[in-house]
Amino acid sequence: MSEILCIGSVLWDIIGRSASHMRQGSDVPGRITRLPGGVALNIAMTLARFGLRPVLLSAVGRDREGDELVEACRGLGMETAHLYRSDDLPTDIYMAVEGANGLIAAIADAHSLEAAGDKILRPLTEGPLGSLIAPYEGIIALDGNLTRALLEAIALSPAFAAADLRVAPASPGKAERLQPLLMAGRATLYVNLEEAGILCQSDFADTESAAAGLLARGARRVLVTDGGRAATEADASAQFTQVPPKVLVTRVTGAGDTFMAAHIAAERAGADRAASLSDALRAAARYVPGETPL
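With UniProt numbering, letter number 9 in the sequence shown gets 9, and the count goes up by one each step, no holes.
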C-alpha cells in the first residue's frame, strides 16, 4: 500500500530569503516566494517524490487562495478529496525570513486549522479511511500544528490504535503540544535538539542524550536532529547516531519535514534502521543547499 496519510497544516508559505547575514532590523535585498507549504504538506511533497501516494487531511478555506492551493496539491500528486473545506475560515499562511545565518523570524497563522478541530479527522473516525471500530492500519504523518486538546484526543483514540503514527512538532514553540503523544508511547517522534529539551524540560548537549531523555519519559521511538551535527534514532532496543553530510545551507524552512518524509519513505521501501537514518540525512543535506525542490 503506497498510501500515507498526512495530517496537519496545509497552507501557503511566504518566504523571504537573503544571501546576507541578518539581525533584528536588517533591511537587505533578497527574494520573496509563495509556495505550497505547511508541515503536513511539506512531508507529503517529499513522499510524492519517492513514488508514494500522500493523502492530505487538513483544513483549507473555500477562498481563492484555498482553491489555488488545492489545485497545486493535486498537481504535485496528492490526494485532496478528504480535505475539510470551510466556507467561513480563510486559508492559513506561514511567513518566514531567512538569511545566510539561518532562520531570522517566522509567524505561522494556522488559526483555521485549529478552529476546524476534529472536523479534519472525520474521514478517519467516520469513514471512508477508517473508523473507531475499524481503525486505519497504515502510516500516518502527523504535525504539531493541531491543538493540544486534539493531539491528546488522537493519543487516546481507538481510531489511531492500529496506525504507524509518525509525529513532528511544527516548531519549537509548539513542541510542548506533543506531550500527550509522548506520554502515550504510541508514536515515533521526529524532533530537533531544542524541541527535545522542551519536551523533557531539560537541556541536552547532544542528540544521544536527548534521545535517551525522551525514551525515559515514555516515548516509543525517537529521531533527534541537530542541524549539521550528529543525529540519533533510538528506541528501547537500539540506538543509531550518524553525522549528516557537510553542505552549504541556503534554506532551512522545510528541512526537518524533508528529513522525516525521507526516513518514512526509506523504511517503507524496506531499508533497515541505520540505512533509513542515512537516507534521511542525505535527503535533508540535498534540500538545504537548494538542490531539491520543496
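Every residue gets a Cβ at the ideal spot worked out from N, C-alpha and C, and that includes glycine. Fair warning: this is a prediction, and the values are worked out from it, not measured in the lab.
Element boundaries [beta strand (DSSP E), containing residue i]
i    : result
Y136 : It is not in any beta strand (DSSP E) - Y136 carries neither H nor E in the DSSP assignment.
R229 : 229 to 235
P244 : From DSSP, P244 is part of no beta strand (DSSP E); its letter is neither H nor E.
M95  : 93 to 99
V288 : Note, V288: premise wrong, no beta strand (DSSP E); not H, not E.
E105 : Looking at the sequence provided, one finds Ala at residue 105 rather than Glu. Per DSSP, A105 belongs to the beta strand (DSSP E) from 102 to 109.
T188 : 187 to 192
Assumed close pair residue i, residue j - CB separation to whole angstroms, cut-off 8 Å
i    : j    : result
A262 : D235 : Incorrect: roughly 19 Å between the Cβ atoms, too far for contact.
A59  : S86  : 6 Å
V167 : L189 : 5 Å
Y94  : K119 : Rounded, the Cβ-Cβ distance is 21 Å, inconsistent with contact.
A155 : C6   : A155 to C6, Cβ: 18 Å. No contact.
S112 : G173 : The Cβ separation is near 18 Å, so there is no contact.
Close beta carbons around residue i, own chain, < 6 Å, minus the five adjacent residues each side
i    : result
E114 : T147
A284 : A255, T258, F259
G197 : D203, F204
R31  : R17
M183 : G218
R53  : S2, E3
G66  : V60, T91
Other residues of its chain near residue i: CB distance less than 8 Å, five sequence neighbours each side excluded
i    : result
P169 : D143, G144, A175, R177, L178, V191, E195
Within 8 Å, strictly: CB atoms of residue i and residue j
i           : j    : result
S20         : L41  : no
residue 315 : V55  : Residue 315 lies beyond the stretch modelled for the chain, which goes from 1 to 294, so this question has no answer here.
A231        : P244 : yes
G37         : L11  : yes
E233        : R273 : yes
D13         : R34  : yes
L193        : A187 : no
F50         : A265 : yes
G130        : M22  : no
Q239        : A275 : no
L215        : L199 : no
Neighbourhood of residue i by C-beta, 7 Å cutoff - its chain only, sequence neighbours within 5 removed
i    : result
P29  : S18
V247 : A285, V288, P289
A72  : P36
R74  : T80
Range covered by the alpha helix (DSSP H) that runs through residue i
i           : result
residue 383 : One cannot answer for residue 383 here, as it falls past the ends of the chain, which runs 1 to 294.
Check whether the region 73 to 80 touches the region 35 to 53, taking contact to mean three or more Cβ pairs, one atom from each stretch, closer than 8 Å.
yes
Counting Cβ pairs, one atom from each stretch, are 3 or more of them under 8 Å apart for the region 154 to 163 and the region 125 to 141?
Yes: at least three Cβ pairs fall under 8 Å.
Under 8 Å, with one C-beta from each stretch per pair, do the region 120 to 128 and the region 87 to 104 reach the 3-pair mark?
no
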